[in-house]
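Each residue of the sequence shown is one higher than the one before, counting from 1 in UniProt numbering. Note that the Cβ used here is the ideal one computed from N, Cα and C, for glycine as well.
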Amino acid sequence: MSVVTCDAKWISVSDPKNETFAEFSSLEKLDLSRNRFNILPPGVFRGLYSLESLNLQQNNLDLRPETYPTTVFADLKRLKRLNIQGNYKPDTRLSQHTPALTNFVHLNDTDIRAIVNRAYPDKALSSLVSLSVLQMDALHYDILPGPGFRNLTSLTVLDFSKSMALAGLPELFFSNFSFQKPLQLILSRCRLTFIHPGSFAYLPTLHSLSLQDNTGLEFSGFEIASRGFLKTNIRRLDISRIHGSSLLTLQGKSFQNLRDLSLEELIVDHNHILSINPSVLTNLPRTLKKVSVGNNKIRHFLFISGSLRLTQLEVFNGSVQNKYNQAESKTLSGNFQDRPESAYTLKHKRSSLRILNKRHTRSVLSQRKNLEQRQEISEEFLGKLQGKFCAVDFASHSKISTLPTPTRMFNVSQTMVDAFYTGKQGMEAWDLKRFISQPWPIPLPMNLKEVYFSETKLGLTVPEISFNPNNILKKVDLSRNDLWCLGGPVTGLHFLEYLDLSGNHAILLSPYFFTDMPSLKKLLLSSNVVGSSLEADIEGKTFSKLSSLEFLDLSECAISTLHPHAFISNRNLTVLLIRRNALNSFQPDLSQLRNLSFLDLSHNDLRELSTSVSASLDLIASVNPAISIDLSENPLVCDCSTFPFLNWIMSTKVHLKNLKVYRCKYVNESILLVSDVVGKLMPSLYSRCHNQDMFTVVLVAFFVLTMALIAAAIYSHFHSRLLFLIYISKKRYFQSFFVIEQCGIRDVFLVFDDDSRVWRSFVARVVKPALERRGVSCYISEIDSLAGRPKRLVVEESVLAGKKTLVLLTRDLLKCEEKVLEINMALLAEEMRVTEVLVFLCLEELTERDLPNHIYRILQRRQVIHYPGNYRRFWDDLANVLKP
Numbered sequence: 001m002s003v004v005t006c007d008a009k010w011i012s013v014s015d016p017k018n019e020t021f022a023e024f025s026s027l028e029k030l031d032l033s034r035n036r037f038n039i040l041p042p043g044v045f046r047g048l049y050s051l052e053s054l055n056l057q058q059n060n061l062d063l064r065p066e067t068y069p070t071t072v073f074a075d076l077k078r079l080k081r082l083n084i085q086g087n088y089k090p091d092t093r094l095s096q097h098t099p100a101l102t103n104f105v106h107l108n109d110t111d112i113r114a115i116v117n118r119a120y121p122d123k124a125l126s127s128l129v130s131l132s133v134l135q136m137d138a139l140h141y142d143i144l145p146g147p148g149f150r151n152l153t154s155l156t157v158l159d160f161s162k163s164m165a166l167a168g169l170p171e172l173f174f175s176n177f178s179f180q181k182p183l184q185l186i187l188s189r190c191r192l193t194f195i196h197p198g199s200f201a202y203l204p205t206l207h208s209l210s211l212q213d214n215t216g217l218e219f220s221g222f223e224i225a226s227r228g229f230l231k232t233n234i235r236r237l238d239i240s241r242i243h244g245s246s247l248l249t250l251q252g253k254s255f256q257n258l259r260d261l262s263l264e265e266l267i268v269d270h271n272h273i274l275s276i277n278p279s280v281l282t283n284l285p286r287t288l289k290k291v292s293v294g295n296n297k298i299r300h301f302l303f304i305s306g307s308l309r310l311t312q313l314e315v316f317n318g319s320v321q322n323k324y325n326q327a328e329s330k331t332l333s334g335n336f337q338d339r340p341e342s343a344y345t346l347k348h349k350r351s352s353l354r355i356l357n358k359r360h361t362r363s364v365l366s367q368r369k370n371l372e373q374r375q376e377i378s379e380e381f382l383g384k385l386q387g388k389f390c391a392v393d394f395a396s397h398s399k400i401s402t403l404p405t406p407t408r409m410f411n412v413s414q415t416m417v418d419a420f421y422t423g424k425q426g427m428e429a430w431d432l433k434r435f436i437s438q439p440w441p442i443p444l445p446m447n448l449k450e451v452y453f454s455e456t457k458l459g460l461t462v463p464e465i466s467f468n469p470n471n472i473l474k475k476v477d478l479s480r481n482d483l484w485c486l487g488g489p490v491t492g493l494h495f496l497e498y499l500d501l502s503g504n505h506a507i508l509l510s511p512y513f514f515t516d517m518p519s520l521k522k523l524l525l526s527s528n529v530v531g532s533s534l535e536a537d538i539e540g541k542t543f544s545k546l547s548s549l550e551f552l553d554l555s556e557c558a559i560s561t562l563h564p565h566a567f568i569s570n571r572n573l574t575v576l577l578i579r580r581n582a583l584n585s586f587q588p589d590l591s592q593l594r595n596l597s598f599l600d601l602s603h604n605d606l607r608e609l610s611t612s613v614s615a616s617l618d619l620i621a622s623v624n625p626a627i628s629i630d631l632s633e634n635p636l637v638c639d640c641s642t643f644p645f646l647n648w649i650m651s652t653k654v655h656l657k658n659l660k661v662y663r664c665k666y667v668n669e670s671i672l673l674v675s676d677v678v679g680k681l682m683p684s685l686y687s688r689c690h691n692q693d694m695f696t697v698v699l700v701a702f703f704v705l706t707m708a709l710i711a712a713a714i715y716s717h718f719h720s721r722l723l724f725l726i727y728i729s730k731k732r733y734f735q736s737f738f739v740i741e742q743c744g745i746r747d748v749f750l751v752f753d754d755d756s757r758v759w760r761s762f763v764a765r766v767v768k769p770a771l772e773r774r775g776v777s778c779y780i781s782e783i784d785s786l787a788g789r790p791k792r793l794v795v796e797e798s799v800l801a802g803k804k805t806l807v808l809l810t811r812d813l814l815k816c817e818e819k820v821l822e823i824n825m826a827l828l829a830e831e832m833r834v835t836e837v838l839v840f841l842c843l844e845e846l847t848e849r850d851l852p853n854h855i856y857r858i859l860q861r862r863q864v865i866h867y868p869g870n871y872r873r874f875w876d877d878l879a880n881v882l883k884p
C-alpha cells in the first residue's frame, strides 16, 4: 500500500503483533504515541523500510532489556527521528538527589534490584545508523548509556528533557557516544543539581546546549559545569530557570569560563536576577550575536554600556522586568528606611513624577477605558507645554489623582512598592535619565540589529536623543514601558525598520519624534493617548518624514480628528489601523496611498465616509484591487444625508470587510443591517430623498425669480433717476482729471523706492540724467511736490503731471502704501486717457510673493523691461518708449 503517514495515537492498543505494518513498506511517518504498549515484539516494525519518523511517546515501554528486543528496529535503516520519551516513570522516592544507588537506605533489596535492572536500549538502537534525532528518557545518573550508542554517528539532536530521574551528569555519561555532526543537547526540565565538567570531553561537536528549567543547578553549579565547555564547539547556550526563587545579583565569575569560547547565543531568562555586575559583560565572549536576559527582576540597565565590547552582538532582549511578588517586595522595600510614605517624588531637571503604590493605582485601571477623560487630560497637558517638549510638572498638577496609569507608574503587583524608583534605585533611575539626556551621540554595538525592551517599566519621558549614526539597528520594541511623553526627536537610527511603542499610554507625542527614521517600515503606536497631539499637528508633520512606512497602527489612541495631511507623505503605506478611537469624521487625503491594502476604521464614531475619502478609495482600488476597509462597530446612518455613501457601498470595488455586521440608523430611527438597506430599501430611500431634493430646487427657483421681479420693478420705476445719477457721477469723475493745471507738463513721472538711499542715489545720478540728456523730462514727487498738501491730492497731481509713469520695480517698493497708491492712480489715468501710461522697469529679480496680487496680474499681461546695465543703447531704447 502507498500510505505515507499513519496516525495511530490514542487508540488504546496494548499488545502489538509481529509484522503489523508489513504491508506498509512506503510508510514514512508513524505515530503510536499515547497507547498502552508494554513491550515491543521483535518483528513489530518489520517491512517498514521507508520509515523516517517513529513516535512511541507516552506508552508503558519501561527502560528494561526485555522491553526493546535487539532486532526490533533492524528494518528501520532509513529512520531519522525516534521519540520514546514519557515511558519511564521513576519512583517518587528517587526524587531526592543522592550520591549513589547504594545510599538509598530507605529502599528494600527488591526496589534496588528493580532500579539496577533498568538500562538504556542501546543494543536495539544500535541498528539505527541513519538516526539524527533521538528523544528518550534518562535513568538515574549511576546508570550509564551502553556501547550500542557508538553506532549513532549521525545524531544531531539528543533530547533527555523532562527526565525526572536525572539528578546529575557524571563524567562518563557520554563516553559511549560517538558524535560526528554538530550536536544539539537538550537537558531541560530535568532535576540536575550538578554536571561534571569532564562529561563535555566526550562532546567535541556540541553546538547547542539547553539546561532550561533545572532550578537546582544554580549559577554556582553552572560555573563548575562550564569549565568543560572549552572542549566543545558550543555556539548556543540556554540557562533559563537554573536559579531558584530568591533574588540574585549576577556576578562576573559565573561566566568566567565563557570568555574564550566561540559562543554566539546566550539565554539567561527567568532567573530572578535583580542586578547584573558590569564584570559579567567583561567575561562574555566577543563572538556573541544574541543575548537574552528577559523575564527577570532587573531594576536598571546601566550595565549595558559594557556591551560595546560585544562587537558581533546582533540581538539583545531585556523584556519583562520589575515584576515582584509580595515576599520580594518586602525584601526590597526593607532595605530603604528613608522612605516615610508610599509616594516617592523623583525630580530631575524640568519634570517631576509622582510614583505611587499599586494599591493607589488599582482603582485607576478602569479609567483607561474612559476615552473622553484620557483625551481631556492629554489636551490639558498639551496646552501647558512651554519650551522643550515633555517639560510638564505632573507632581504639582491638580489632576494627578485622576491621571491614567502612565503617569502614576511602576505598578507591578497589588501589594508592592515598585523598587525601581525607591531610595537608591530612584537615584539609579535618575542616572539613567541623565545618561540618555546627554548631548553627545549614544554609541551602540556596530552590528546590533534588534533590541527588545518591552514591559520593563522604564517610566521615563523620551527627550531629544541622538545615537551614533554608525549603527545598523533595524528593530526596537519599547512597548508597555509607561513612556508617558514621546518628545524626541530621536536621531541617528537611519536603518530602523520596526518600532513598537504600543501600550505605553503616552499622553504626548512630538511632531518631530520620527523626523530621522527614513527606513522605518512598521510603526506600532496602539494604546497611547496621543489623539490630542495628532489633532494639534495641523500641518501633518508627525509622519511626514516616514516615506518608507508600510504598516501603521494607531489603534486605541483617543483620536477624534485627523487632519487631511496626516498621511500625505506615506506613499508606501499598505496597512493603516485606526480602530477603537473616537473619530466622528475621517478626512485624511488618501489619494497618494496607492499601495494601501487594508484600512481599519472599526469601533469609532463614524456616521459615514466623506465623498473625498470614498473617491480616494475608489482611485486606489483601480490600481490595487486587493484593498479592503473595515467599518464595523460604527454608528452609521442610513438617511438622505448619507445617501451618497450608501450608493458608494453598492457600487464600489473596495472590499468592505465584515459588511454583513454593519448596522445603521434608518430614517424611522430603527437599527437595520446596512446590507439590508443597500439590498432592499435603496429604491424607497431614493424616492424619499429625491422628493426632498425637488422641493428644495423649486423653493430656490421661486426665491430667485421673486428677487429678479423685484429688481426689475425697481429699475422700471426709477429708470430716469438712475440714468441721471450715472451721468452726473461720470461727469464729476472725468472733470477731476482735467481741471488740474499741471496735467501732462512732464514726459514721465518716476515711481521708485525713495526710502532707500541706494535707489534714491541711483535715480538722481543715473536714471534722471540719462533720460534728460535724451530729451525726456522727468518728474519726481519727492522733489517737486508742495509740502503740507493732502497725500491723495499730491499723488494724484504727481501722476497726472507726467504723460507716462515709469515704475522702477524693486523688492521693497510695494511695501510702501504711497507707492501702491501711485501705481493705482496711474492705472486709473490709463482708463481715462485711453492710452498706455504705465511702464515697468525691473531692477531686481522678483517672485510672486514679492508683489500684490493685482500688480502681479498686471505684470503678466504687460511686457516688463529688465535693466541690463548702464548701457547707451538701453537708455536710447527706453527714451523712445517714454517719449510721446
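- Inter-residue distance for residue 794 and residue 824 is about 14 Å (C-alpha atoms, whole angstroms).
- Per DSSP, the beta-bridge partners of residue 842 are 809 and 866.
- For the pair of segments examined, the stretch 449 to 465 was found to touch the stretch 477 to 489: the number of CB pairs separated by less than 8 Å reaches three.
- Its Cα nearest to that of residue 288, the residue 307 stands out among 710, 473 and 307.
- When DSSP states are grouped into helix, strand and coil, residue 552 belongs to the strand group.
- Distance check between residue 575 and each of 567, 747, 551 and 19 places 551 closest, using alpha-carbon atoms only.
- The shortest CA-to-CA distance from residue 62 to any of 601, 119 and 243 is the one to 119.
- With a minimum length of 3 residues, the unbroken runs of beta strand (DSSP E) contained wholly in the stretch 498 to 579 fall at 498 to 500, 522 to 524, 551 to 553 and 575 to 577.
- DSSP places residue 667 in the coil class of the three-state scheme, outside both helix and strand.
- For residue 273, the three-state secondary structure derived from DSSP is strand.
- For the set 86, 140, 73 and 169, the Cα lying nearest the Cα of residue 122 is the one of 73.
- Beta-bridge analysis with DSSP links residue 485 to 461 and 508.
- Restricting attention to 840, 804, 845 and 844, the CA atom closest to the CA of residue 829 is found in 804.
- Rounded to the nearest whole angstrom, the CA to CA distance from residue 639 to residue 556 is 29 Å.
- Excluding the 5 residues flanking it on each side, residue 319 has same chain C-beta neighbours closer than 8 Å at 294, 295, 452, 453, 454, 455, 456 and 477, in chain order.
- Residue 871 counts as exposed, since fewer than 16 other C-beta atoms from the protein chains shown sit within 10 angstroms of its C-beta.
- Close CB contacts of residue 538 within its chain, under the 6 Å cut and outside five residues either way in sequence, are with 563 (chain order).
- With 16 or more other Cβ atoms from the protein chains shown falling within 10 Å of its own Cβ, residue 228 counts as buried.
- Rounded to the nearest whole angstrom, the CA to CA distance from residue 284 to residue 156 is 26 Å.
- Boundaries cannot be given for residue 453, as no beta strand (DSSP E) includes it and DSSP labels it neither H nor E.
- In the structure shown, the three-state DSSP call for residue 184 is strand.
- Close CB contacts of residue 637 within its chain, under the 8 Å cut and outside five residues either way in sequence, are with 607, 608, 664 and 665 (chain order).
- For residue 767, there is no enclosing beta strand (DSSP E), as DSSP marks it with neither H nor E.
- Residue environment: residue 702 is assigned as exposed (fewer than 16 neighbouring CB atoms within 10 Å of its CB, all protein chains considered).
- In this structure, the CA atom of residue 595 is about 56 Å from the CA atom of residue 826.
- For the pair residue 211 and residue 239, the CB atoms are nearer than the 7 Å cut-off.
- Burial of residue 243 is indicated by the presence of at least 16 other C-beta atoms within 10 angstroms of its C-beta.
- The shortest CA-to-CA distance from residue 56 to any of 770, 38, 816 and 578 is the one to 38.
- In terms of Cβ geometry, residue 189 and residue 213 form a close pair [threshold 7 Å].
- Comparing alpha carbon positions, the residue from 172, 255, 148 and 134 closest to residue 161 is 134.
- According to DSSP, residue pairing for residue 466 in a beta bridge involves 491.
- With a 10 Å radius around the Cβ and a threshold of 16 neighbouring Cβ atoms, residue 816 comes out exposed.
- Judged by DSSP in its simplified three-state form, residue 242 adopts coil rather than helix or strand.
- Here residue 147 has 176 as same chain residues with Cβ atoms under 6 Å from its own Cβ, once five neighbours each way along the sequence are excluded.
- Within the same chain, and ignoring the five residues on either side of residue 65 in sequence, the residues whose Cβ sits closer than 7 Å to its Cβ are 119.
- Counting along the chain, residue 123 sits inside the alpha helix (DSSP H) bounded by residues 122 to 125.
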